[in-house]
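Novice: Numbering (our numbering), first residue to last: 372 to 519.
Shown next as structure tokens:
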């Protein structure tokens, strides 16, 4: 039952994640455009290129969390989560990393500028964490009379 729950949660996460790419994130910038801005320090976008390392590192890592999302979701869908603890740790790390944006904008006094796309994207990572919790709990459940 938990594996089925994990798959349903992952599907909900994937739908949210895909929707977030097209929803406005900030200043009428859609999710995919925000992704391009995040990686602009290594891949210039519309003349925008970040040169400050302290900003570039979390921006690029946040963008790379999308790659991790795809890999993690694929592992759940294919039933290939062999290390549930590692899966859960990576999902939590991605979620925490992506909270950078709301914290940074809160510090700048512009957190109110964040729009629905950011929160849907963040919710997708949160759903992936919940899926990971479900998988992790299932991995410790004894089956067929054998100890966990």
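A virtual CB, placed ideally from N, CA and C, is assigned to each residue, including glycine. If you're wondering where the values come from, they're calculated on a predicted model, not measured in any experiment.
1. I need the straight-line Cα distance from residue 427 to residue 469, nearest angstrom please.
2. Could you please give the first and the last residue of the uninterrupted alpha helix (DSSP H) stretch that includes residue 461?
3. Express the C-alpha separation of residue 482 and residue 476 in angstroms, rounding to a whole number.
4. Considering just the uninterrupted stretch of the alpha helix (DSSP H) at residue 442, what are its terminal residues?
5. Can you find the residues in the same chain that come closer than 6 Å, C-beta to C-beta, to residue 385, ignoring five residues on each side of it along the sequence?
6. In angstroms with no decimal places, state the Cα-to-Cα distance between residue 390 and residue 396.
7. Rounded to whole angstroms, what's the CA-CA distance from residue 462 to residue 407? Just pull it up for me.
8. Please state whether DSSP places residue 396 in a helix, a strand or coil.
9. Does the separation of the CB atoms of residue 447 and residue 378 fall below 8 Å?
10. Do residue 439 and residue 410 come within 8 Å of each other at the CB atom, strictly closer than that value?
11. Which whole-angstrom value describes the C-beta separation of residue 459 and residue 504, a residue pair presumed to lie in contact below a C-beta threshold of 8 Å?
12. Which residue comes first and which comes last in the alpha helix (DSSP H) that contains residue 403?
13. What do you get for residue 499, buried or exposed, if any count of 16 or more other CB atoms within 10 angstroms of its CB means buried?
14. Please determine, among 486, 392, 393 and 509, the residue with the shortest C-alpha to C-alpha distance to residue 454.
Specialist: This is what the structure gives:
1. Taking the first residue of the chain shown as 1, we reach residue 427 at position 56. Taking the first residue of the chain shown as 1, we reach residue 469 at position 98. Whole-angstrom Cα-Cα distance: 14 Å.
2. Residue numbering aside, residue 461 sits at position 90 when the chain shown is read from its first letter. Counting along the chain, the alpha helix (DSSP H) containing residue 461 begins and ends at 455–469.
3. Taking the first residue of the chain shown as position 1, residue 476 is located at position 105. Taking the first residue of the chain shown as position 1, residue 482 is located at position 111. Approximately 5 Å, taken between the alpha carbons.
4. Walking along the chain shown from the start, residue 442 turns up at place 71. 424–448 is the span of the alpha helix (DSSP H), which, as asked, contains residue 442.
5. In the chain shown, counting from the first residue as 1, residue 385 sits at position 14. Closer than 6 Å at Cβ, skipping near neighbours: 444.
6. Mapped onto the chain shown, residue 390 falls at position 19. Mapped onto the chain shown, residue 396 falls at position 25. Rounded to whole angstroms, residue 390 to residue 396 spans 11 Å at the Cα level.
7. On the chain shown, position 91 is the one that residue 462 refers to. On the chain shown, position 36 is the one that residue 407 refers to. For residue 462 and residue 407, the distance between alpha carbons rounds to 22 Å.
8. Here residue 396 is taken as the residue at index 25 of the chain shown, counted from 1. If DSSP states are grouped into helix, strand and coil, residue 396 belongs with the strands.
9. Position 76 of the chain shown, counted from the start, is the residue given in the question as residue 447. Position 7 of the chain shown, counted from the start, is the residue given in the question as residue 378. Closer than 8 Å, so yes.
10. Taking the first residue of the chain shown as position 1, residue 410 is located at position 39. Taking the first residue of the chain shown as position 1, residue 439 is located at position 68. It is not a contact, given that the beta carbons lie outside the stated cut-off.
11. In the chain shown, the residue the question calls residue 459 occupies position 88. In the chain shown, the residue the question calls residue 504 occupies position 133. At roughly 6 Å, the Cβ-Cβ gap stays under 8 Å, so residue 459 and residue 504 are in contact.
12. Taking the first residue of the chain shown as position 1, residue 403 is located at position 32. Residue 403 -> alpha helix (DSSP H) spans 402–409.
13. Sequence index remark: in the chain shown, residue 499 carries index 128 (1-based). Per the 10 Å Cβ criterion, buried.
14. Position 83 of the chain shown, counting from 1, holds the residue named residue 454. Residue 454 has its Cα closest to that of 509, out of 486, 392, 393 and 509.
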